[in-house]
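Peer 1:
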Amino acid sequence: MKVTVVGAGAVGASCAEYIAIKNFASEVVLLDIKDGFAEGKAMDLMQTASLNGFDTRIVGTTNEYSKTAGSDICVITSGIPRKPGMTREELIGINAGIVKEVASNLEKHSPDMVLIVVSNPMDTMTYLAHKATGLPKNRIIGMGGALDSARFKYRLAEALDAPISDVDGMVIGGHSDTGMVPLTRLATRNSVPVSQFMSQDRLQQVMEDTKVGGATLTKLLGTSAWYAPGAAVSSLVQAIACDQKKMFPCSVMLEGEYDMNDICIGVPVLLGKNGIEKIVEIELNAEEKAHMKESAEGVRKTNDLLEV
Ligand code: NAD
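Counted the way the working numbering counts, the sequence shown spans residues 79 to 386.
Set out below in structure tokens:
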């Protein structure tokens with residue numbers, strides 16, 4: 079199992095580290111445009127192998143795509159992250175050019191890859207990857223919902239004063255501060271709806287904190303977060319590599335599902351060796367449907383800025 083991660087920055091390196099620590103891939107290629115940067119990150123990570131007990135070989139390269147040839151899974155994390163006060167949508171000007179070029183370079187060398195897009199604005203970058211490559215729809219996946227759901231579970235556990243493993247919940251919709259749709263109605267603690275343990279006001283607060291999860295960290299760190307994003311990507315990569323058929327909300331091209339067409343937005347999917355094995359259509363109530371519709375309008379507005 080060969081995995082390529084483009085962008086050896088904060089998220090790319092964290093993602094490579096988690097993949098290696100989980101020890102399911104034979105090789106991870108880290109590629110970056112900055113001279114020597116990916117080679118340095120790869121060497122540093124390889125020097126943790128004997129300490130962390132993994133056998134995955136991590137190789138770094140400065141923009142040499144021939145080294146990525148034959149990758150089963152490729153991840154795009156290249157591009158600028160947001161600074162405090164910025165929205166993800168503001169990154170489109172620079173990141174669209176980078177994602178378009180990187181996606182077609184990857185496709186040339188790994189035509190059978192499953193592609194995971196991480197760069198922001200992620201739903202629009204995933205849509206762009208569909209337009210810029212000839213990959214089938216099941217092999218292009220945007221990562222956002224897995225991270226947003228992890229942040230939702232963190233906030234739920236905090237509000238419940240419960241261990242995170244007791245808590246389940248999912249965030250669908252667009253990967254933006256206003257577009258996320260945390261499904262509070264379906265969130266549970268050991269199968270019991272969380273609404274039985276907290277007031278509607280507290281639940282509303284959990285929802286608001288989840289939606290600004292990325293912005294909160296950007297303000298604290300001065301740049302966007304990397305541990306949870308890297309861990310979330312590594313979970314998607316593992317589900318595909320190990321054919322787990324595991325369910326995650328991911329940004330995928332919809333063709334009629336959830337009454338939407340020609341848009342990439344977060345919905346639950348099963349991930350396995352073919353990438354998206356199935357789009358799972360769950361029954362949403364009227365309020366959730368309205369939130370999804372609003373969220374899609376936001377994503378379409380950003381898509382309209384693309385020149386494809
Ligand atoms: P970073 O600046 O630390 O790393 C980005 C790396 O991309 C840099 O090392 C840079 O040299 C490299 N790069 C730029 N252009 C390139 C090109 N053409 N080819 C190869 N490499 C190139 O940024 P980061 O914090 O790792 O964030 C990366 C991206 O991921 C940002 O767009 C950020 O907004 C996004 N992000 C998405 C999520 C998500 O949930 N989808 C979460 C966190 C961050």
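Ideal Cβ positions, reconstructed from N, Cα and C, are used throughout, including at glycine.
Quick caveat: nothing in here was measured; it's all calculated off a predicted structure.
(1) Counting only runs of 3+ residues fully inside the segment 181-240, write out the beta strand (DSSP E) ranges in chain order.
(2) For the segment 321-336 against the segment 98-106, are there 3 or more C-beta pairs whose distance is under 8 angstroms?
(3) Please tell me whether, using a cut-off of 7 angstroms, the distance from the CB of L184 to the nearest non-hydrogen atom of ligand 1 is below it.
(4) Pick out whichever of M338, G138, M325, M121 has its Cα sitting closest to the Cα of V83.
(5) Using a Cβ-Cβ cut-off of 8 angstroms (strictly less than) and excluding sequence neighbours within five positions of T168, which residues of its own chain qualify?
(6) I need the DSSP call for E179, collapsed to helix, strand or coil.
(7) Could you check the C-alpha separation between R166 and T256 for me, to the nearest Å?
(8) With a threshold of 7 angstroms on Cβ separation, who are the neighbours of I343 within its own chain once the five nearest residues in sequence on each side are excluded?
(9) With a threshold of 7 angstroms (Cβ to nearest heavy atom), would E333 be considered close to ligand 1?
(10) Between G222 and S156, is the Cβ-Cβ spacing less than 8 angstroms?
(11) Which residue comes first and which comes last in the beta strand (DSSP E) that contains P327?
(12) What does a CB cutoff of less than 6 angstroms around S308 pick up in its chain, not counting 5 residues either side in sequence?
(13) Would you kindly check if the distance between the Cβ of P346 and the Cβ of M258 is under 8 angstroms?
Peer 2: In brief:
(1) 192-195, 218-220
(2) no
(3) What you label residue 184 is simply residue 106 of the sequence shown in a count that begins at 1. False, no ligand heavy atom lies under 7 angstroms from that Cβ.
(4) Translated into the one-based positions of the sequence shown, residue 83 becomes position 5. The candidate whose alpha carbon is nearest that of V83 is G138.
(5) Along the sequence shown, one-based indexing puts residue 168 at 90. At residue 168 the sequence reads Glu, which differs from the Thr that was named. Result list for E168: R160, in chain order.
(6) Along the sequence shown, one-based indexing puts residue 179 at 101. Three-state DSSP puts E179 in a helix.
(7) Sequence index remark: in the sequence shown, residue 166 carries index 88 (1-based). Sequence index remark: in the sequence shown, residue 256 carries index 178 (1-based). Straight-line Cα distance between these residues: approximately 11 angstroms.
(8) Here the question's residue 343 lines up with position 265 in the sequence shown. Beyond the five residues adjoining it in sequence on each side, I343 comes within less than 7 angstroms, by CB distance, of D201, G251, G252, S329, L332, S373, A374, V377 in the same chain, given in chain order.
(9) Residue numbering aside, residue 333 sits at position 255 when the sequence shown is read from its first letter. Not so, every heavy atom of ligand 1 lies at least 7 angstroms from the Cβ.
(10) Residue numbering aside, residue 222 sits at position 144 when the sequence shown is read from its first letter. Residue numbering aside, residue 156 sits at position 78 when the sequence shown is read from its first letter. In this structure, S156 does not lie closer than 8 angstroms to G222 by Cβ.
(11) Mapped onto the sequence shown, residue 327 falls at position 249. Start and end: 324-333.
(12) Within the sequence shown, residue 308 is the residue found at index 230, counting from 1. At residue 308 the sequence reads Gly, which differs from the Ser that was named. Here the set comprises V89, S92, C93, Y96.
(13) Against the sequence shown, residue 258 aligns to sequence position 180. Against the sequence shown, residue 346 aligns to sequence position 268. Not in contact: M258 and P346 (Cβ atoms no closer than 8 angstroms).
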